[in-house]
Structures are given as structure tokens and as C-alpha cells.
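Chain order of the listed sequences is A and B.
Residue numbers for the first sequence follow this note's numbering, so the first one is 1 and each next one is one higher.
Residue numbers for the second sequence follow this note's numbering, so the first one is 1 and each next one is one higher.
The structure appears right after this line, and notes come after that.
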Amino acid sequence: MNQSQPQQGVGSSRGVRLEDINLSFGKTHVLKGINLEIESGEFFAFLGPSGCGKTTLLRLIAGFEAAQSGKVIIGEQEVSHLPPWRRELGMVFQSYALWPHMTVRKNVAFGLEERRLPRREINRRVDQALDLVGLLALSERRPNQLSGGQQQRVALARTIVIEPKVLLLDEPLSNLDAKLRVQMRLELRQLQRKLSLTTIFVTHDQEEANTTSDRIAVINDGIVQQIGSPIELYDNPANLFVAKFLGVANVIDGALVEADGQVYFHSSDASVKVPINGQSAGSASIVFRPQNLTIRRQAAKPPNGATRLEGTVDHKEFLGSIIRYRVKVGRHFVLVDKAHQRGAEALPEGAPVAIYLNPEQVIKLVE
Amino acid sequence: MVFSEYRKHPGQTALMALIFLFLLLFLIIPVVKVVFVAFMDATTGEFTLLNFKDFFSTALFRESFWNSLYVGVMSVVVASLFSMPLAYFTSRFEFKGAVIIQSLGIIPLIMPPFVGAVAMMMLFGRNGSINLLLDDWFGITIPLMEGLNGVIFVESLHYFPFILINLSAALQNIDRSMEESAQNLGCSGLRLFRRIVLPLAMPGYMAGASLVFLKVFDDLGTPLLLNVNNMLAPQAYLRIASIGIKDPMGYVISVILVVIALSSMWMAMRMLKGKEYATVQKGGGGLAKRRMRPWEKTMAWGIILAIMALVLAPHFGLTLLSLGTIWSFSVLPDAFTLNHFAAIFAETPEYMTNTVLYSALAATIDVVLGTSIAYLALRTKMFGREWLDYIAMSAVAIPGLVIGIGYLRTFYGYQVPWLENQPMATWWVAIVLALSVRRLPYALRACTAALQQVSVSLEESAENLGASKLASVRKIVIPLMGGGILAGFVTSFATAAVELGMTLMLVAENSDGPLAYGIYVYMQSAAGRGPGAALGMVAVLVVGLCTLISHIVIDRRQKKYGLEPAT
Ligand SMILES: Nc1ncnc2c1ncn2[C@@H]1O[C@H](COP(=O)(O)OP(=O)(O)O)[C@@H](O)[C@H]1O
Ligand SMILES: [Mg+2]
């Protein structure tokens, strides 16, 4: 099991392909026909709510779970039948899983020792890895003498020191406090760039996924909902779930109707009417983001080409950079963000307002 | 100032002083007295090391010393052999036998080893059932009960649960990710076990092993009943019993027993220091488990059934002995009868009534002291409060025999004022006090655990609403601790009921003896084995019932208040 490994340098990282993965725990069908292709050197996120199967999918790739059907392919090699210790993937566990009975140095050296490298080579590479994460000075400490962020870095060093083909990260930032989380995600991203290491990053936090990843697979209920770059997903969500999961969205149900050669979206209570590009196709929903709306006192003049919705301010929240209004339009509530300027007065609750919506900012979803 | 606390809280100060006085009189002074005498010239009363020189220059004592060490270590080895496969099955496999393994971890504990010793002799001894059969069929015999072997066999069979329980807990506390991260880095199989699982489980194993060593090393009853006298504890007892309380050798041996007990505890503690790895994560849990393959299952069941047969053997043997008429040089008793039970109830009911009286009193003292010490230690800032805890806990390291000898020496010269010709040392009240001191550590731990589960804020909110300190303790703390205290009481009661080493020293007349003493007295003669075994059955019943009650109480309490199990 410990056959000598070919020396891998930077750039030995591989792509990952998942073909038609189905996995059940007893009667619960957890992964339902997953197909994915991750490119070599890519920073790829699995994003989805808790319990959707992200961890299971990651563990499947690492070899800790077995699928009922489907293939896991790393580089060109199918690894579905290989045990975890033969896959040469580096996984960082959510709990870090540092061994408490070993020092930091021993933890990091472990994988190299398993590969039976000469002692000097091991020392050199351990030093290098610890240096990379800035922990060389603490190498004789035990894990429980380190802070959460430091433990996280040790876990990372322990994994990258073996120069894995793919780096697997399961919610690596979830045990850190908010400030450290922001810093670590930046460091992670820089490290990944430096090593150009294929990385799969599991998270339930869309901001984390957006800020780090080249591409994201949004997963819900064991199904990949959509794959794309953060901006693509945000601007063109394939369905309601993706639209709502990535950022705040106003969703209004209704139907597409044609009048005078132009297709319009009509909300069911007729309070919202928006011109839409495309064909009339019966019932549909539209999605638009709060920051793409303009809110005015009713008297104001409409901006060019914008559709006007009328309502009253129902509630407002001051969020610092913006004020978020909830406006009652017909039977719907529409969220509107207004950038806050110093000294500006907020619109009072109950005030009649007009909302202007540029049709280009409207996402049409046909079920 | 640290002492200002005393002036501020006169009630707590008085309580502390009383407890300290109790511990001083009934624990510290007797033990110090033993040490003193060991280093004292018997005639001149001056300090000397001569007694120790005498000890080590006597061949019999040297032999006893090595024998005791040997038996202690070998019992740990054999107990480990029983425990390891069982712990492995439960922590590694999805296995139906796990429930049986759990009960295997309790059954031996409800019978102290000396009770079953003679019964084991009847089954496995030179002329026991098994060897008679083996000789008959194959012409061979197994010297399982010869000399030290017998002590090792009986002791390890009784005490292996300590290792099993601790080791299983340690294995269950290893998070799956510990092992998976090693696999992810290229490690598997035996190497994985050696590098990750074993080191992580080691502290738990060591805790159990040191406990087993301690119990076996100090045990007086088992070697005495198996007629193995060339060990330390029996030698101490025999010197005092035959030569008298003036002979220094009993004291020297006592000091050696305490020193070895303390150093084994200290070594275990040092090895455990900073290594209480609780790696298990929320919602995670234990090592990866898998189904057994058919041949693995067959083997596992084979091992479990074999161990089960051994574990039940003393119980089985005792039952036969208590119900048999004559059992000698035969596989089974000649006939069965209830006469032995009738005999013990008709002729020596005092053994049972004494036991109930002594144990109940001792257990009451224990929970009162335990609750008070726990409260002082956890909920007040009284200067010296930890010391009460340390002193009370130190009784763990003092063998019952040593406490017995200490009481004899300390209190023998004093008479009970209102009784004629009754030295204090052999008055039955001394037995109660000695029992309570000896069992105090267990009760104290139970009370401390119970108190830890009652959040301080519950008490503070009572005080905030106007209850005085005493009222909030009485109305909030004690009721919430209730079940925990009861569990402490029951455990103290049960273990006090079967304490032999100390009672052997302190009982002057048979009519003052409790159960354990009665079993010992009966078992001395072949004719007494039947009634002795019947008494043994009563003891098993008492301890078993108490164990059951304490389990139920603790369980209920946890459900009722939604408490986490104490750590
Ligand atoms: N070993 C297991 N046995 C049974 N069910 C499991 C197991 N592991 C995960 N599940 C279930 O599979 C689903 C997906 O879990 P998981 O992959 O951990 O979700 P995520 O990481 O996205 O939060 C959950 O409903 C979970 O309860
Ligand atoms: Mg997860």
C-alpha cells in the first residue's frame, strides 16, 4: 500500500470528473445523478444548504463513501474502486482532525512518512509547508496549544505537503470567527493560485463561494442545480432556488401575455407589469434584485425606459451603506435598496412611493 | 485576605472545620500512625530504618513482595486479554453482541473476587469439576488455580471490566475524522492502528489498567481464601493477627502497599497528563464501523461466549456451592438442598443485620460528607476547600487493610467510656467509621458530578429572588442533586457491604461481623462452604440490586432534568 510515489511537483494537479453519481444511505437517496467536470487547477465550490449532500459528495471523491452507481475520475484514471489511501487526494476536514498526540511537525510529516521518503526530504518539505502557512515557529507545539486559525493552517499544511492531485476542503472556515474567516479565505485563494492546485471547496455560504471560486456548483437536495462562475449564477440563475440562494431576490409569480406584438409579464394581481424579451409562454416568474431598483417619492419623474410600480413603504432597515425598504406593491412585497448618503432622510413608513425597474435587470423564469 | 472568607461565612467555616476534624481523626491520624510505627524502633520508640531492613532481609517477605507485584502485573495482562477483543468488537463493528458485551462489563463487578474464589476452586481447582472431566476424557489437567495462578485468574476475571469500560470509552471517543485523515494521507491497516488508533486509546487503557493493578495489589480476601499466603497483604494480616499489633512488620508492609499504590496512581496520572483526547465532534461519533463477515461473526461469538462462560463461572459455582449438599472430588454436588440458606438465616442472621446497619450508616455519613465537600469545593471560595477534596480522595490509595491496622493501633488504648471493657478500636462503630472513610471517595465523586450538573445560575436566581444561601441550597441545589446523591449512597452501601480487608482487622467477635466477614469465617472449613456460599449469594444479590437501583436512578435523573451525563 505504501509503494513509492513518483515525485510530484507543482502542476501535478488533476481535473475531476463525476459521472452519474447516485448514492443512498439506506432508504435516503442523498446524491441523485450528479454529473460534474472540474478542470485542472480550478478553484471549484460546492454550494448548497446544510444537508443537501455536499459533504457526502466530497467524501465520495475522497473514497470514504461508496456510490451505488457512477464513476469518479481523477485526471484520466477512474478511482471509484480505489481505497482512500491510494487516491492521493488531500482532504481538510471540517474539524481539522489534527492528531492530538502528535506535534505540529509530526502531524505535517505524517503523510510523507507514509510515503517512506528519506528523513531529510521529509524535513525539508515539512519546513517548506509550515513556512508557506506561516507556522514554522510553532512546529513543536501540540494542536491543542494552537488557536482555531492556526489549527486550520496546520491542517492545510499537512494536506498540501503531500502535493495532492486535488485539494478537498469541507467547510474549512466554519469553525473560525467572522474576521478570521475573511482573512483565511483570501489566504486560501492565494495559496491555491501559488500552487495551481485543483481545489474543491464545500460551503453553505454564498459569499465564501463567490469570493474564492472560479466556478460554483449549486446543489440542492442531492441534485446539481446549476454550474457557473459566480457572476453567471447571480445574473442568470437557472431556477428559483439558485436565484434565491445567491443573494437577495424579489420573486413575483404571474404569467406572460402578449399585447401589440410585445410580451409582458403580468403578476397575478395585475399590480406588476413588465415588458419581457421572448415569447409568451403562460405562467412564469420574474426575479429582480433590490439594488437594481430605484425608489422615489411618488411625485418624481420616471427614468428613461423604466417600468413603474406603485406602493407604500411597509418597513425599512438601515444597513449602513444602504437603506433597505420593504414596499407593498399590490399583494406583493418588494425589497428595494437605496444607497445611503450622509445626511439623507429615510422615507417614512406608510409613505406612498414609486419604484422604477429597468426591464434589462429582470430575470425571467419559466417553470 | 484569604481568611476574611472565614469571618464572612461562619456557617461554612464551621462545616469545613467539622469535616476536617472528621478526616483528621478517622483518616489522617490512623494512616500517619501506621507510617510512624513502620519507622519506629518497637522497644525504644526511636526513628529507625531497621524494620525495612528486616523486611527485605527476610526471604518470605521478599518473595511476597515479588509475588504481589507479579500477580498485579499478570492480572493486568490477563484482564487486557479479556478486554481487548471485546472493546474491539464493539467499537469497530456493527454487532448485535454489543449488548452482551456491555453486560459482561457489569456482571463481574457485582461479586467481589473473594466471594467467588472458593467456588472457582471447586470448578477449576486441581480436583475441580473441569479438571476431573479433562482427566477422565484426555488424561490431562490444567493448573489454572495452582498458587499464584489462581489469584491471577480470579482477580483478572473480576476486574477486567475496568479496562473494558475505559478502553471502550476511549475508542468511542476517537472521532472518525482522526482515522480518515490518516487514510487520506496514505495510511491504512495495521500502520493506521499503530500510529493513530492505539496512541489515542492509550490513556483510556492506562486508566483502566492502573485501577486493576491497584485493586489486585491491595486485595487481601482473594489470596486468603485461596490459601495463598506468600503475598504482601496476607502477610500483613497474618503478622498482626498472629503476633499482635506490636509487631512492626504489618506496618512496614502497609507502608509498602501504600507507596506502591500511590506510585502506580502517580505514574498513570503522569502518563495521562494532557492526553485526555476528546476528539469526537458534534454529530460525528466513533470510528468507522462495518458489518462483520460471516467468519468474523463466528469468531467473535466464539470469543464472547467463552469469556461469558468464564465470567459466569464464579456465579455458577457459588450457586452450586450454596445449593449443594456435599461437593468434593466430584464434578457436581451429590445432591441439592436449601439447608444452607436456612442455616444462615437461623444461626447467623447478625451477619446480615450488621451489614445493613453498618453499610447504611457508613453510606449516610458518606453522602453527607460528600455533598458538603462537593459544595464547599465547587460553590464557595473558602480557603483550603480543595484540600478537603484532596484528603477525602486520598483514601482511594489506602488499602482497607491499612486503614484497619491504623484504627487498631490508634484507638486500641482507648475505652468506650460508657461500656465496660470495650476498646474503641474494636467497637462496631469503628467499623462504620472505617467503612465510611474508605468509601468516601466514591460517594464524593458521585456528589461532585451531581452538583456539577446543577448550574450555578439556578442557585443564583433563587438568591436573586430573595432566598437565603441555606434556603437556596435546601430548596434548589439538594433536590436537583437528589438522584445523584442517592446513586452515591447506593454505591457506597453496596461496596461497604462486601469490604473484607478492613473488617477482618476490626471485627473482634463474630457477632459484630458483617457479610464479608461471615463469608470468610464460613469458608475457612469445608463444612462451612455451603453456608458461606449462601451468604455469598446474599451479598451478590445485595450488590446486584444496588447496582441496578443506582443505574435506574441516574438514568431517570438524566431524563427527568434533561441533564448531560457528567464528565
Ligand atoms: N452516514 C450517514 N448515514 C445516513 N445518512 C447520512 C449519513 N451521512 C449523511 N447522511 C444524510 O445525508 C444527507 C446529506 O448529508 P451531508 O452530505 O452531510 O450534507 P451537507 O454536507 O450538505 O450538509 C443528510 O440528510 C444526512 O442526514
Ligand atoms: Mg457538511
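For glycine and all other residues, C-beta sits at the position ideal for the given N, C-alpha and C.
Owing to the predicted nature of the structure, the values given are computational and were not obtained by experimental measurement.
Beta-carbon spacing of residue i, residue j below 9 Å
i	j	result
B/A539	B/A508	no
B/G221	B/P112	yes
A/F288	A/I363	yes
A/D127	A/L136	yes
A/D20	A/I38	no
B/M265	B/M16	no
B/L545	B/M502	no
B/I391	B/A534	no
A/Q150	A/P172	no
B/A362	B/R439	yes
B/M206	B/A117	no
A/L197	A/I160	yes
A/R87	A/I74	yes
A/H101	B/L200	yes
A/I61	A/L89	yes
B/V454	B/M481	yes
B/L185	A/I122	no
B/G488	B/V367	yes
A/L146	A/V108	no
B/I19	B/L470	no
B/G536	B/I519	yes
B/A209	B/A397	no
B/R122	B/W327	The identity of residue 122 of chain B in the sequence shown is Met, whereas the question assumes Arg. Closer than 9 Å, so yes.
Residue i CB to nearest heavy atom of ligand 2 below 8 Å
i	result
A/T28	no
A/V92	no
A/E171	yes
B/V31	no
A/V202	yes
Any non-hydrogen atom of ligand 1 within 8 Å of residue i CB
i	result
B/I303	no
A/I219	yes
A/K54	yes
A/F25	yes
B/G221	no
A/S50	yes
A/L57	yes
For residue j and residue i, believed in contact at Cβ under 8 Å, the rounded distance
i	j	result
A/A311	A/K328	As written in the sequence, residue 311 of chain A is Gly, which differs from the Ala given in the question. Indeed they touch by this definition, with Cβ atoms about 5 Å apart.
A/I216	A/L191	The pair is not a contact, with the Cβ atoms about 19 Å apart (cut-off 8 Å).
B/F55	B/V252	5 Å
B/M120	B/V78	Not really, about 14 Å apart at Cβ, beyond 8 Å.
A/L132	A/A157	7 Å
Runs of alpha helix (DSSP H) wholly within the stretch 54-78 of chain A (minimum 4 residues, chain order): Counting whole runs of 4 or more residues, the stretch 54-78 of chain A contains the alpha helix (DSSP H) stretches 54-62.
Please list the segments of the beta strand (DSSP E) lying wholly inside the stretch 145-181 of chain A, counting only runs of 3 or more residues, in order along the chain. Listed in chain order, the beta strand (DSSP E) elements of length 3 or more contained wholly in the stretch 145-181 of chain A are 166-170.
Would you check if the stretch 204-222 of chain A and the stretch 38-45 of chain A touch, i.e. whether three or more CB-CB distances between them fall below 8 Å? With the cut-off at 8 Å, the stretch 38-45 of chain A and the stretch 204-222 of chain A touch.
I'd like to know if the stretch 440-453 of chain B and the stretch 489-497 of chain B are in contact, where contact means that at least 3 CB-CB pairs between them fall below 8 Å. At 8 Å Cβ cutoff, the stretches touch.
I'd like to know if the stretch 332-341 of chain B and the stretch 455-464 of chain B are in contact, where contact means that at least 3 CB-CB pairs between them fall below 8 Å. Look at the beta carbons and you see the stretch 332-341 of chain B not touching the stretch 455-464 of chain B: under three pairs across the two are nearer than 8 Å.
Three or more beta-carbon pairs under 8 Å between the stretch 64-82 of chain A and the stretch 163-170 of chain B, yes or no? The stretch 64-82 of chain A vs the stretch 163-170 of chain B: no contact.
Do three or more CB pairs link the stretch 187-202 of chain B to the stretch 254-261 of chain B at distances below 8 Å? As far as the Cβ criterion goes, the stretch 187-202 of chain B does not touch the stretch 254-261 of chain B, which means the pair count is below three.
Alpha helix (DSSP H) segments (min. 4 residues) lying fully within the stretch 322-370 of chain B: Complete alpha helix (DSSP H) runs here, min 4: 339-347.
Inspect the CB distances between the stretch 63-72 of chain B and the stretch 226-233 of chain B and report whether three or more fall short of 8 Å. As far as the Cβ criterion goes, the stretch 63-72 of chain B touches the stretch 226-233 of chain B, which means the pair count is three or higher.
Given 8 Å, three or more beta-carbon pairs between the stretch 301-308 of chain B and the stretch 100-115 of chain B: Between the stretch 301-308 of chain B and the stretch 100-115 of chain B, the count of C-beta pairs closer than 8 Å reaches three or more; the two stretches touch.
Alpha helix (DSSP H) runs wholly inside the stretch 215-293 of chain B, at least 4 long, in chain order: List check, alpha helix (DSSP H) in window: 221-225, 232-242, 249-272.
Do three or more CB pairs link the stretch 349-364 of chain B to the stretch 471-479 of chain B at distances below 8 Å? Two segments are said to touch when three or more pairs of C-beta atoms, one from each, lie closer than 8 Å; by this definition the stretch 349-364 of chain B does not touch the stretch 471-479 of chain B.
Below 8 Å, how does it come out for the stretch 252-265 of chain A and the stretch 275-283 of chain A: are there three or more Cβ pairs, yes or no? Taking 8 Å as the limit for Cβ pairs, the verdict is that the stretch 275-283 of chain A does touch the stretch 252-265 of chain A.
Can you give, in chain order, each stretch of the beta strand (DSSP E) that sits fully within the stretch 18-51 of chain A and has at least 3 residues? Annotation: the stretch 18-51 of chain A contains the following complete segments of the beta strand (DSSP E) (minimum length 3 residues), in chain order: 28-38, 43-47.
Inter-stretch contact at 8 Å, needing at least 3 Cβ pairs: the stretch 177-189 of chain B / the stretch 132-152 of chain B: Output reads no: the stretch 132-152 of chain B does not touch the stretch 177-189 of chain B.
So, does the stretch 347-360 of chain A touch the stretch 291-306 of chain A, judging by three or more C-beta pairs under 8 Å? Contact holds: three or more Cβ-Cβ distances are below 8 Å.
Note down, one range per segment and in chain order, each alpha helix (DSSP H) of at least 4 residues found wholly within the stretch 41-96 of chain B. Within the stretch 41-96 of chain B, the complete alpha helix (DSSP H) runs of at least 4 residues are 50-57, 59-92.
With a cut-off of 8 Å, do at least 3 Cβ pairs link the stretch 19-31 of chain B to the stretch 396-409 of chain B? These segments touch.
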